[in-house]
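Have a look at the structure below before the remarks.
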Amino acid sequence: MFLPTTIEEVNKLGWDALDIILVSGDTYIDSSYNGSAVIGKWLVKHGFRVGIIAQPDIDSSEDITRLGSPELFWGVSAGCVDSMVANYTATKRRRRSDDFTPGGENNRRPDRAVIAYTNLIKRNFKDEKKPIVIGGIEASLRRTVHYDFWSNKLRKSVLFDAKADILSYGMGERSMLELALAMKREEEWRNIRGISYIAKKPRKGYELLPSYTECVESKDKFVEAFEKFYINCDPVTAKGLVQQQDTRYLIQNPPSLTPTQEEMDEIYGMDFEREVHPYYLKQGPVKAMETIRNSITTHRGCYGECNFCAIAVHQGRTISQRSEDSIVREAELITTGDKFKGYISDVGGPTANMYGIECPKKLKAGACKDRRCMYPQTCSAIRPNHSKQISLLKRLNKLEGVKKIFIASGIRYDLIMSDNKCGNLYLEELIKSHISGQMKVAPEHTEDKILSLMGKQGKGVLKSFKDKFYDINERMGKKQFLTYYLIAAHPGCGDKEMADLKKFASQELRLNPEQVQIFTPTPSTYSTLMYYTERDPFTGKKLFVEKDISRKEKQKNKLTAKEERGFGRTFLGRSNGSSKKSSESRDGNNSKRKSGKNTKHSKNAKLSTNNKNRSKKK
1 MFLPTTIEEV
11 NKLGWDALDI
21 ILVSGDTYID
31 SSYNGSAVIG
41 KWLVKHGFRV
51 GIIAQPDIDS
61 SEDITRLGSP
71 ELFWGVSAGC
81 VDSMVANYTA
91 TKRRRRSDDF
101 TPGGENNRRP
111 DRAVIAYTNL
121 IKRNFKDEKK
131 PIVIGGIEAS
141 LRRTVHYDFW
151 SNKLRKSVLF
161 DAKADILSYG
171 MGERSMLELA
181 LAMKREEEWR
191 NIRGISYIAK
201 KPRKGYELLP
211 SYTECVESKD
221 KFVEAFEKFY
231 INCDPVTAKG
241 LVQQQDTRYL
251 IQNPPSLTPT
261 QEEMDEIYGM
271 DFEREVHPYY
281 LKQGPVKAME
291 TIRNSITTHR
301 GCYGECNFCA
311 IAVHQGRTIS
321 QRSEDSIVRE
331 AELITTGDKF
341 KGYISDVGGP
351 TANMYGIECP
361 KKLKAGACKD
371 RRCMYPQTCS
381 AIRPNHSKQI
391 SLLKRLNKLE
401 GVKKIFIASG
411 IRYDLIMSDN
421 KCGNLYLEEL
431 IKSHISGQMK
441 VAPEHTEDKI
451 LSLMGKQGKG
461 VLKSFKDKFY
471 DINERMGKKQ
481 FLTYYLIAAH
491 PGCGDKEMAD
501 LKKFASQELR
511 LNPEQVQIFT
521 PTPSTYSTLM
531 YYTERDPFTG
541 KKLFVEKDIS
551 RKEKQKNKLT
561 AKEERGFGRT
571 FLGRSNGSSK
581 KSSESRDGNN
591 SKRKSGKNTK
601 HSKNAKLSTN
611 NKNRSKKK
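With the first letter of the sequence shown counted as 1, position 309 gets the number 309 in UniProt numbering; the numbers rise by one all the way through.
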């Protein structure tokens, strides 16, 4: 069933009131790719009456009051993307389109939506003051003092700016259910994991972060605050945190525990309609449905820890995955849909090929505090083995009615190259059956200095992967090619580094780059910390940071400028330049990238939050 969005629908369900009302910056799609739908259905599954109001008009009382006031609390989310990322480009231009709005025009999601919706509720329910719980990616990544690119200053926790009551951070199924149960039973809720709240005094036993005032006055203090915040995101080892905002304190409890496989199966096995609610569908088509209708999430989390990405902070560094049987059951369900034409759009997560690969030490003792899983090289403790993914894909391929299964989620080629057992077999499986002409990878840059600042492995592994990809293509008689996602104007990157990248792309990758984006400093990433402080937080050394918008655009334009000799098409070939030109043009890939193809995991946060349309690329 759909969650009710009108009082008539509430009455049809036989409910005389709602326990919880969810408010979202996305339209209401009843799908596992919509965070509000997941939370709402999860609460209903556990006996609560839940309604939803999607994209309410903030200049009117009509939308926000149509379901009345909840018995327990309001749940507010900006949607699957931070509203400022959804509304503005990296050069601060207003975005015209929104794939999660009926009709596609970007005219329904307000700036700083969590604050706007909370204020809307407070204005219209002055006499019925129920707690307001904020959550989702915007609230999660702005839960402590953070740098805000759009105002170019440090801001307090969004819990204080919004004047809400509770903040649920990370993946919210557990924390929201425990909150609902505690409030229903009138029990103490301040010990629930995965939430933050406001207090007059610090909490004993919690680690004290530098205050908002200290961070504003000293960049050193802000670096200290961020590093303590970042290291305390692992549910196994994290301490509770305290940070003074004004005269009061933000109290952040340790993160919710990583969902078990059984819990993941239960969450994704709920009865989703896989469609836009009729109330909103009549307002116009929702472009995101083209991508997510026939897509399957296999897991959450990412241990790639790219410095420009906030997935580690929101979803966690530990993979929580579904069973193979659960995934197959969903695929079988998809094949029965009226609009299914034989193609499954995606089987993946934040990083597709992390399914079934995890460090056994991390599962027991938590993520290492002094090292990373994938940088400067893949840690041997992970023991990369793609056999589970190969097994899953082959099983899905055999389903009746399935013509082809695509992998549209990001793929870590360095993880493939570090798998000495099944890496080649996995790549062969992808090339043989799961890509259509092109495979998208995200080196983001090719100069080792910038790759180091990004937390990514050196360009040598990219060259090796490229050669292996084309070797397999040649052996299989295929004419597929690689598409590379790149970032311009990342902290540390100047004109010289972009010129070197251009040269590498021309001589080694044999192409003229097209998939290039300007770095966007989004909250709660190390790259944003570099952008604000203008230094490397790992070494303390000063960094060049391009902050002039016109010069950022110049970096991008320098990389994408067309050259003679046929550049603009990809050239198949090895690093030595002995190559033949692909017969397939790369034109049109930008439009696919903007269509929502790469945003769908951000609400359960597929997100790299470096850009609204890159949330899955690493």
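Each residue gets a CB set at the ideal place from its N, CA and C atoms; glycine is no exception.
Gly205 is positioned such that its CB atom lies no closer than 8 angstroms to that of Gly172. Within the model, the alpha-carbon separation for Ser256 versus Asn397 is close to 35 angstroms. Within the segment 191 to 223, the runs of beta strand (DSSP E) at least 3 residues long that lie entirely inside it are, in chain order, 195 to 199. Ranked by Cα distance from Ala182, the first of Ile231, Ile327, Ser140, Asp19 is Asp19.
In the DSSP assignment, no residue is bridged to Trp150.
Judged by DSSP secondary structure, Gly75 falls within the beta strand (DSSP E) whose first and last residues are 73 to 77. Relative to the Cα of Pro376, the nearest Cα in the group Tyr355, Ile411, Ser418 belongs to Ser418.
In the DSSP assignment, Leu482 is bridged to Met439. Ranked by Cα distance from Glu514, the first of Asn557, Pro523, Glu188 is Asn557.
Fully contained in the segment 306 to 340 are the following alpha helix (DSSP H) runs of length 4 or more, in chain order: 311 to 314, 324 to 335.
In this structure, Arg109 lies near Ala86, with their beta-carbon atoms less than 8 angstroms apart. DSSP lists no beta-bridge partner residue for Gln507. The C-beta distance from Tyr169 to Ile251 rounds to 12 angstroms, too long to fall under 8 angstroms, and the pair is not in contact. In the three-state scheme derived from DSSP, where H, G and I count as helix and E and B as strand, Thr260 is classed as coil.
Taking 8 angstroms as the cut-off, the Cβ atoms of Asp30 and Phe406 do not count as close.
DSSP assignment within the segment 512 to 548 yields the following whole alpha helix (DSSP H) runs of 4 residues or more, N-terminal first: 526 to 533. Distance from the CA of Lys554 to the CA of His146, rounded to the nearest whole angstrom, comes to 28 angstroms. For the alpha helix (DSSP H) assignment, the uninterrupted runs of no fewer than 4 residues enclosed by the segment 67 to 121 are, from N- to C-terminal side, 83 to 87. Around the beta-carbon of Phe481, 16 or more other beta-carbon atoms lie within 10 Å, marking it buried.
As computed with DSSP, Gln252 is found in a beta bridge with Ser196, Leu241. Residue nearest to Ser326 within the set Leu392, Phe308, Cys373, Asn385 is Leu392 (criterion: CA-CA distance). Under the 8 angstroms Cβ criterion, the segment 445 to 463 counts as touching the segment 410 to 417, having at least three qualifying pairs. Shown here, Ala488 sits in a strand according to DSSP, grouped into three states.
Within the same chain, Met476 come within 7 angstroms of Lys432 by CB-CB distance, once the 5 residues on both sides are set aside. When DSSP reads this structure, Asp346 sits in a beta bridge with Ser295. Residue environment: Glu305 is assigned as buried (16 or more neighbouring CB atoms within 10 Å of its CB, all protein chains considered).
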